[in-house]
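Participant: I have a structure I would like to understand better, so I am pasting it below and will then ask my questions one at a time.
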Amino acid sequence: MESKLLCRETDTYGRLRVLAKTFLIMKMIFILTAVMLRVQAAGTAQTATYHAENVPFEKVLSVVKSQTGYLFFYDPVMIRDVHAVTIQADRLPLETFIKKILQDQPLTFSIENKTIFLARKISFPLQQAQAGAIQSATPITGVVRDPAGNVIAGATVVVKGTKHSVRTDENGRFTINAEPGQTLLVSHVNMELREVVVTGPSDLYIEMRTRVSELNEVDVTISNGYTLMPKSQITGAASAISQKVYDQRVAVTGNFLESLEGKIPGLVYNSQSGDLSIRGVSSFNAVKKPLIVVDGFPSEIDINTINQNDIVSVSVLRDAAAASVYGVRASNGVIVVETKRGKSGAPVCSLRTTYAYQPKPDFNYLKLSSASEFTRLQYNELMYVENIPRFIFDLLKWPIGQVQATVFDFQDSLITDKQAQDRLAQIGSYDNLKDYKNLFYRNRQAQQIDFDVSGGNDRSSYLLGINYVNEMPQERKSNNDRFLLNLANTYKLNSRMKLDFRGTYTHANSEMGGSVSYNNFYPYEHIVDDNGKALATSLPPDLQYIGAITNENNQYIQTKGLYDQLYYPFSELTANTTSGRSMPCVSRED
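Structure representation (structure tokens):
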């Protein structure tokens, strides 16, 4: 009996718990439903809240867009004379808010499908002049549809010769005041303009036609050096760029290959080494450069002698199909260059000048150790890692630097630990990175001048092109000058024969200062003295004790008539300067 009663009490208690949990779940569902309905009501209310004084009109539009999600459609030109807006609004309906910000503004608006259209108001004198005509005009109604019979919302209906216009509503209908005989202009995006003559107050049915725009065919031709062919008839992989595309970025250095970089697929040019490749390297030991064809003739001339201002088009043949035209020389690809020719008519001159500027290199991104950090590291290495005693340096006559001398003096108990640390702090207080940047580098400047003159008659034509490039590279004591003269004459002998003469003259002068790496000396060593005179560093460029020479030994060597054996980094700029001149002249008769 007790067990049955206990079971009943337990069963009743379990039912009460289930009932309470069910009631709690229903309560939570009710609360969540109320919250969601409130959020939905707030989302569909489309109100705006904004408080501001004398803010730009466009800023107010962006605030409305962010709060309501509505987009604004307008011509930026018509809001140039719109004055600033001052508004105080709290949860104001969107339409009322727009009317308030357009108060005393020369604009009107209409709202259609989450888009707010802004239009220009008719000026007051024009309104006054047209008021009588509009009041006496008859209201004309109508509907605008597309060829499928679907209504067109947002179409513009204008009375021709006036500024009176309306837009069709979401049902495609409109009402406008117009007199019989006037013409209505109906326009819409992607639809042809329709002109409808008003004959009376009848309801108009206007059907608009879809605007069909024909795409202009782009004819891409590629030159194989002998003839121009459409790209569809080229069997191999080929690319071409026109003069317009080529001139979008012209290298000031005068090298036309730098201007091709990034414009021809598969072409890789290294401006530092001058290496050129198309689709990689095809050989290890044989010739790796592609074949250069200038005006139909394979050429072995220096690429830098091609005046980039005279280039008309560049075609690149990238696969083995080019071998059928030029043989095995085309195995690395072919670059076909077409240059300008003289044209019949009065002389025509063109002048173009370009200038380029590039600041000194920034070494901060290398994250180099400062002189103070390097001094501490070198001290710890000499003190605890290498631990080379002084007599080894004296025996082998190795030079002793500032940090080495500090280590030896401390080991020989000539100075205390505090004195050694103070001396290291003094040594590391000077960092030569800034001096290295100023002494060995400068701002790069390059200038290029191109001049062309061409003309001729029905029997002959000529072209004279001059190109001058002056470049001051970032490395000091370096300079590049190049003068290039191109001459092209064409003589028509008869209807079947013509004589083509082309000549090129190049005068180039280049100087390159010695290259000095920042790793050739310690960061705490002075490169020049206060008067700008070069100072020697403690070690040679390889930073090895072996092969280094002390000041005493160097002085002894000089007394014997030998040259100074110390390493002066700043003197390397002029000591290793190389210069070169080239004056090739190339002529060709076809």
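Number 1114 marks the last residue of the sequence shown (our numbering); no jumps. Just so it is clear, CB atoms sit at the ideal spot from N, CA and C, and this is done for glycine as well.
1) Should Phe934 be labelled buried (16 or more other beta-carbon atoms within 10 Å of its own) or exposed?
2) Taking Cβ to Cβ, would you say Ala608 is nearer than 8 Å to Val579?
3) Would you check if there are 3 or more beta carbon pairs closer than 8 Å linking the stretch 1005-1021 to the stretch 902-911?
4) Enumerate in chain order the residues of its own chain whose CB-to-CB distance from Lys813 is below 7 Å, with the five nearest sequence positions on each side excluded.
5) Tyr1087: buried (16+ other C-beta within 10 angstroms of its C-beta) or exposed?
6) With DSSP collapsed to three states, give me the class of Gln882.
7) Apart from the five residues just before and just after Asn1004, which ones in its own chain have a Cβ nearer than 6 Å to its Cβ?
8) Taking the Cβ atom as the reference point for each residue, do Thr877 and Gln950 lie within a distance shorter than 8 Å?
9) How would you write the range of the beta strand (DSSP E) that Asn1003 sits in, first residue to last?
10) Should Val1040 and Leu1097 be called a contact, given that it needs their Cβ atoms to be closer than 8 Å?
11) To the nearest angstrom, how far is the alpha carbon of Leu1063 from that of Asn1043?
12) Quick one, which of Gly673, Thr680, Thr592 has its alpha-carbon nearest Val713's?
13) Measuring only between beta-carbons, confirm whether Val681 sits less than 8 Å from chain D.
14) Within its chain, find whatever has a CB closer than 8 Å to the CB of Val584; leave out the 5 residues flanking it on each side and keep chain order.
15) Rounded to whole angstroms, what's the CA-CA distance from Asn674 to Met715? Just pull it up for me.
16) When DSSP labels each residue in this structure, what does Lys1022 get in the three-state scheme?
17) In chain order, what residues of the same chain lie with their CB nearer than 6 Å to the CB of Ser894, ignoring the 5 residues before and after it?
18) Buried or exposed: which applies to Asn991, given that a residue is buried once 16 or more other Cβ atoms fall within 10 Å of its Cβ?
19) Throw me the rounded Cβ distance for the Ile830 and Val818 pair, which I believe falls under 8 Å.
20) Measuring CB atoms only, is the stretch 632-642 touching the stretch 663-671, in the sense that at least three cross pairs come out at less than 8 Å?
21) Can you check which of these residues, Asp959, Leu1017, Tyr960, is closest to Arg983 by C-alpha distance?
22) For Val909, count neighbouring C-beta atoms within 10 Å of its own C-beta (all shown protein chains included) and say buried if the count is 16 or more, exposed if not.
23) By DSSP, does Phe641 sit in helix, in strand, or in coil?
24) Can you give me the Cβ contacts of Arg615 inside the same chain, cut-off strictly under 7 Å, excluding the 5 residues immediately before and after it?
25) Is it buried or exposed for Met732, if we count other Cβ within 10 angstroms and need 16 for buried?
26) Any idea if Gln659 is buried or exposed, counting beta-carbon neighbours within 10 angstroms, 16 or more meaning buried?
27) Exposed or buried, Ala870, counting other C-beta atoms within 10 Å across all chains shown (16 or more means buried)?
28) What does Asn991 pair with, by DSSP beta-bridge criteria?
29) Tell me which residues share the same chain as Glu862 and place their Cβ nearer than 7 Å to its Cβ, disregarding the 5 neighbours each side in the sequence.
30) So what's Ala702 in DSSP terms, helix, strand or just coil?
31) Over what stretch of residues does the alpha helix (DSSP H) that includes Ala672 continue unbroken?
32) By alpha-carbon positions, which one of Pro997, Ala970, Thr930 ends up nearest to Gly952?
33) Please classify Ser586 as buried or exposed, where buried requires at least 16 neighbouring CB atoms within 10 angstroms.
34) Nearest-angstrom Cα distance between Leu709 and Val683?
35) Would you kindly report the start and end of the unbroken alpha helix (DSSP H) that includes Arg966?
36) What separation, rounded to the nearest whole angstrom, lies between the Cα atoms of Leu791 and Phe887?
Facilitator: Reading off the structure:
1) What you label residue 934 is simply residue 410 of the sequence shown in a count that begins at 1. Buried, by the Cβ-count rule.
2) Sequence index remark: in the sequence shown, residue 608 carries index 84 (1-based). Sequence index remark: in the sequence shown, residue 579 carries index 55 (1-based). In this structure, Val579 lies closer than 8 Å to Ala608 by Cβ.
3) no
4) Here residue 813 is taken as the residue at index 289 of the sequence shown, counted from 1. Answer for Lys813: Leu800, Asn856, listed in chain order.
5) In the sequence shown, residue 1087 corresponds to position 563, counting from 1. When all chains shown are included, Tyr1087 counts as exposed.
6) Position 358 of the sequence shown, counted from the start, is the residue given in the question as residue 882. In the structure shown, Gln882 sits in a strand (DSSP, three-state: E or B).
7) Within the sequence shown, numbered from 1, the residue matching residue 1004 stands at position 480. Same-chain partners within the cutoff: Glu995, Ser1034.
8) As a first step, residue 877 must be located in the sequence shown, where it is residue number 353. As a first step, residue 950 must be located in the sequence shown, where it is residue number 426. No, the pair does not count as a contact, with Cβ atoms beyond the cut-off.
9) Here the question's residue 1003 lines up with position 479 in the sequence shown. 1003-1016 is the span of the beta strand (DSSP E), which, as asked, contains Asn1003.
10) What you label residue 1040 is simply residue 516 of the sequence shown in a count that begins at 1. What you label residue 1097 is simply residue 573 of the sequence shown in a count that begins at 1. In contact: Val1040 and Leu1097 (Cβ atoms closer than 8 Å).
11) Walking along the sequence shown from the start, residue 1063 turns up at place 539. Walking along the sequence shown from the start, residue 1043 turns up at place 519. Each residue's alpha carbon lies about 11 Å from the other.
12) Locating residue 713 in the sequence shown gives position 189, counting from the first residue. The shortest Cα separation from Val713 among Gly673, Thr680, Thr592 belongs to Thr680.
13) The structure shown contains no chain D; it is built from a single protein chain.
14) As a working mapping, residue 584 is identified with position 60 in the sequence shown. Correct list, in chain order: Tyr574, Ala576, Val609, Ile611, Ile625.
15) Locating residue 674 in the sequence shown gives position 150, where the first residue counts as 1. Locating residue 715 in the sequence shown gives position 191, where the first residue counts as 1. For Asn674 and Met715, the distance between alpha carbons rounds to 13 Å.
16) Position 498 of the sequence shown holds residue 1022. Lys1022 falls in the strand class under three-state DSSP.
17) The sequence position of residue 894 within the sequence shown is 370, counting from 1. Asp955, listed in sequence order.
18) What you label residue 991 is simply residue 467 of the sequence shown in a count that begins at 1. Asn991 comes out buried.
19) Taking the sequence shown and counting its residues from 1, one reaches residue 830 at position 306. Taking the sequence shown and counting its residues from 1, one reaches residue 818 at position 294. About 7 Å separates the Cβ atoms of Ile830 and Val818, confirming a contact at the 8 Å cut-off.
20) no
21) For the purposes of this step, residue 983 is taken as the residue at position 459 of the sequence shown. Ranking the options by Cα distance to Arg983, first place goes to Leu1017.
22) Numbered from its first residue, the sequence shown carries residue 909 at position 385. Val909 is exposed by the Cβ-count criterion.
23) What you label residue 641 is simply residue 117 of the sequence shown in a count that begins at 1. In this structure, Phe641 counts as strand in the three-state DSSP scheme.
24) For the purposes of this step, residue 615 is taken as the residue at position 91 of the sequence shown. Closer than 7 Å at Cβ, skipping near neighbours: Thr571, Thr573.
25) On the sequence shown, position 208 is the one that residue 732 refers to. With 16 or more Cβ atoms within 10 Å of its Cβ, Met732 is classed as buried.
26) For the purposes of this step, residue 659 is identified with residue 135 of the sequence shown, where counting begins at 1. Its pLDDT being 47, under 50, Gln659 is placed unreliably by the model, and nothing is read from it.
27) Locating residue 870 in the sequence shown gives position 346, where the first residue counts as 1. Under this definition Ala870 is an exposed residue.
28) Locating residue 991 in the sequence shown gives position 467, where the first residue counts as 1. Per DSSP, Asp974, Leu1008.
29) Here residue 862 is taken as the residue at index 338 of the sequence shown, counted from 1. Ser747, Asp819, Val836, Ser837, listed in sequence order.
30) Here residue 702 refers to the residue found at position 178 when the sequence shown is read from its first residue. Ala702: strand per DSSP, three-state reduction.
31) As a working mapping, residue 672 is identified with position 148 in the sequence shown. If you look at Ala672, you'll find it isn't in any alpha helix (DSSP H); DSSP assigns it neither H nor E.
32) To locate residue 952, count along the sequence shown from 1; it is residue 428. Ranking the options by Cα distance to Gly952, first place goes to Thr930.
33) The residue given as residue 586 occupies position 62 in the sequence shown. Exposed: under 16 other Cβ atoms inside 10 Å.
34) Residue mapping note: residue 709 aligns to position 185 of the sequence shown, counting from 1. Residue mapping note: residue 683 aligns to position 159 of the sequence shown, counting from 1. Those two C-alpha atoms are separated by around 6 Å.
35) Counting from one through the sequence shown, the residue named residue 966 turns up at place 442. Per DSSP, Arg966 belongs to no alpha helix (DSSP H) and is neither H nor E.
36) For this step, residue 791 is matched to residue 267 along the sequence shown. For this step, residue 887 is matched to residue 363 along the sequence shown. Answer to the nearest angstrom: the Cα atoms are 30 Å apart.
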